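In this note's numbering, the protein residues as written are 659 to 962. Beta carbons: idealized from backbone N, C-alpha and C, even for Gly. This one's a predicted model, so the numbers in the text were calculated from it and none came from an experiment.
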């Protein structure tokens, strides 16, 4: 077995989890105290796995046990017991089983129960880390806000408790039917997490020529999804990030985020949309595309 590739993958995972810790600390609404501890435990597990494969990789390159002992301040005998070939092979096997496979994407179309079309994944998983973290944070917030246990959440969503935990911790990127299960369990519109799920799988927004009502629903749902990923802060908590917006724009945003049926997504200007997207730490380029579709305005007709 060659361990260098595992060294690279685990180091990327550590970097991704470190970003998640930073994101938790900078959310508009403070995360629950256990959130930071949960991310710490995930980082610690990655680091434990990293040293194991790094030791075997160094041995493969001709480094002696005594040299590793000098760096780690652990005796050669203890290192041999702790990082034997069989033990490290088991670590690698377990990580590969936990590692998300390429997740099928969704074809353009209406969001429907059981929808699960299969298309090739377009983006590299590492580049999807921020989007996958946003999806995990949204689902985790739904769970926390409900006050129920992980076991109950899993039961409602129709999955195992361990898989539910991995989804909410960002270790696994769920299928669309699983995300729908979460949405139904917590009685929200699946459309509110649909664009988060698409972004987490590297799927571009639908074309500008889609039906207008669908475009409006996708745009409004995307904004509510970003709001969920930030733990649904009240607009008063975002006041300093929404400077310059009119009273009418704030009223429209409030209606959109609360899902009021009278809300008009196409009445929101691009300036207001961009300001809100930045306040919710979303992908401005992605929301611009969704806004364009909701406006049914050619891209070259938009001012910068």
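With a minimum length of 3 residues, there is no unbroken run of beta strand (DSSP E) contained wholly in the region 828-887. Each residue's CA atom was taken as its position, placing residue 813 and residue 823 some 12 Å apart. For residue 805, the closest alpha carbon among the candidates 792, 725, 739, 844 is that of 844.
For residue 660 and residue 835, the gap between their C-alpha atoms comes out near 36 Å. Residue 874 has its alpha-carbon roughly 25 Å from the corresponding atom of residue 791. Taking C-beta atoms under 8 Å as the contact rule, residue 915 and residue 885 qualify, at a distance of about 5 Å. Per DSSP, the continuous alpha helix (DSSP H) segment holding residue 735 begins and ends at 734-740. Straight through space, the alpha carbons of residue 788 and residue 899 are spaced by roughly 21 Å. Contact between residue 793 and residue 854 holds, with the beta-carbon distance rounding to 4 Å and staying under 8 Å.
With a contact defined as Cβ atoms closer than 8 Å, residue 665 and residue 711 qualify at about 5 Å. Residue 944 is positioned such that its CB atom lies closer than 8 Å to that of residue 863. Taking C-beta atoms under 8 Å as the contact rule, residue 840 and residue 800 qualify, at a distance of about 6 Å. Of all alpha-carbon atoms in 809, 719, 729, 795, the one lying nearest the alpha-carbon of residue 679 is that of 795. Apart from sequence neighbours up to five positions away, the residues of its chain that approach residue 948 with a beta-carbon distance below 8 Å are 853, 863, 873, 876, 877, 880, ordered along the chain. In the DSSP annotation of this structure, residue 896 is not part of any alpha helix (DSSP H), being labelled neither H nor E. When the Cα atoms are used, residue 699 and residue 672 turn out to be separated by approximately 11 Å. When only Cα atoms are considered, residue 707 and residue 827 end up about 18 Å apart. Taking every protein chain shown into account, the CB of residue 704 has 16 or more other CB atoms within 10 angstroms, so this residue is buried. Of the other Cβ atoms in all chains shown, fewer than 16 fall within 10 Å of the Cβ of residue 809; this residue is therefore exposed. Excluding five sequence positions before and after residue 838, the CB atoms of its chain that fall closer than 6 Å to its own CB belong to 848, given in chain order.
The beta carbons of residue 662 and residue 742 sit about 19 Å from each other, so the pair does not count as a contact at 8 Å. Taking each of 833, 931, 937, 842 in turn and checking the Cα distance to residue 894, the smallest one comes out for 937. If you draw a straight line from the Cα of residue 858 to the Cα of residue 736, it comes to about 41 Å. Across the set 713, 676, 709, the C-alpha of 676 shows the shortest separation from the C-alpha of residue 695. For the pair residue 952 and residue 919, the CB atoms are not nearer than the 8 Å cut-off.
When C-alpha distances from residue 950 are compared across 939, 727, 927, the shortest belongs to 927. Under the three-state reduction of DSSP, residue 679 is assigned to helix. In this structure, DSSP gives residue 926 a state outside helix and strand, which the three-state scheme calls coil. 8 Å or more divides the Cβ of residue 946 from the Cβ of residue 888. Counting along the chain, the unbroken alpha helix (DSSP H) around residue 822 starts and ends at 819-826.
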